[in-house]
Amino acid sequence: FLPHLVASMEQVDETYIMVKPDGVQRGLVGEIISRFEKKGFKLTGLKLFQCPKELAEEHYKDLKAKPFFPGLIDYITSGPVVCMAWEGVGVVASARKLIGSTDPLKAEPGTIRGDLAVQTGRNVVHGSDSPENGKREIGLWFEEGELCQWTPAQAPWLRE
Ligand code: IDP
Ligand code: MG
């Protein structure tokens, strides 16, 4: 029974992370990217993008019935966002932990929302909530040619 084979079989997931317009306007893009970069995940897609209304509605379609939905669409389309695809074992759940609770006042210090935001309606960053939604959202926000498959030089220093 060879542990290195088990490790190599571990599922590599993808997550869609987005710096929302407030994060861009507040100059937090570098800070937010840095948190995922330092953790050791692999960046496979990155762009500054003005989101059309239709895409915002599709991305948040599960929240369509919520009273805050129109405000949420106005917010997400109010200025450029930074779209990112990140890859790694456990990346979806780990990114959600790095991001913190939806309400920044309830988010733990040390998390992105806990450190950098004060209100749910201006919570600076998005992260996919499941591996399935990670794939769905990356497909929604990126064209295939915009994603890069590469091997970071630090890979052997991150996983045995
Ligand atoms: P999440 O971003 O932590 O996954 P969701 O419940 O999926 O949280 O909601 C998506 C986004 O909708 C939130 O990040 C926030 O921008 C917005 N939102 C959620 N609840 C409220 C609310 O009560 N008022 C205003 N905006 C909200
Ligand atoms: Mg969500």
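With full-length UniProt numbering, letter number 108 in the sequence shown gets 187, and the count goes up by one each step, no holes.
Think of the CB as a built atom: it goes at the ideal place given N, C-alpha and C, for glycine as much as any other residue.
Provide the residue(s) that pair with residue i in DSSP beta bridges, ordered along the chain.
i: Arg201; result: Gln198
i: Asp101; result: DSSP output for Asp101 lists no bridge partner at all.
i: Ile96; result: Met163, Gly206
i: Phe128; result: Val160
i: Thr190; result: Pro188
i: Leu122; result: Trp165
i: Val91; result: Val168
CB of residue i to nearest heavy atom of ligand 1: below 6 angstroms?
i: Gly224; result: no
i: Asn212; result: no
i: Phe147; result: yes
i: Gly200; result: yes
i: Thr181; result: yes
Do residue i and ligand 2 come close, with the Cβ less than 6 angstroms from some heavy atom?
i: Asp208; result: yes
For residue i and residue j, which I take to be in contact (beta-carbon distance under 8 angstroms), what is that distance rounded to the nearest angstrom?
i: Lys121; j: Pro231; result: 6 angstroms
i: Ile155; j: Pro100; result: 7 angstroms
Run the proximity test for residue i: is its beta-carbon closer than 6 angstroms to any non-hydrogen atom belonging to ligand 4?
i: Leu151; result: With respect to ligand 4, the structure shown offers nothing to examine, as its ligands consist of ligand 1 and ligand 2.
Practice item. Answer yes if the segment 112-128 comes into contact with the segment 152-163, meaning at least three C-beta pairs across the two stretches below 8 angstroms, and no otherwise. Key: yes
Practice item. Spell out a yes or no on whether the segment 210-222 and the segment 85-99 are touching, meaning 3 or more CB-CB pairs, one atom from each, closer than 8 angstroms. Key: yes
Review point. Does the segment 187-200 come within contact of the segment 170-178, defined as at least 3 CB pairs closer than 8 angstroms?
Key: yes
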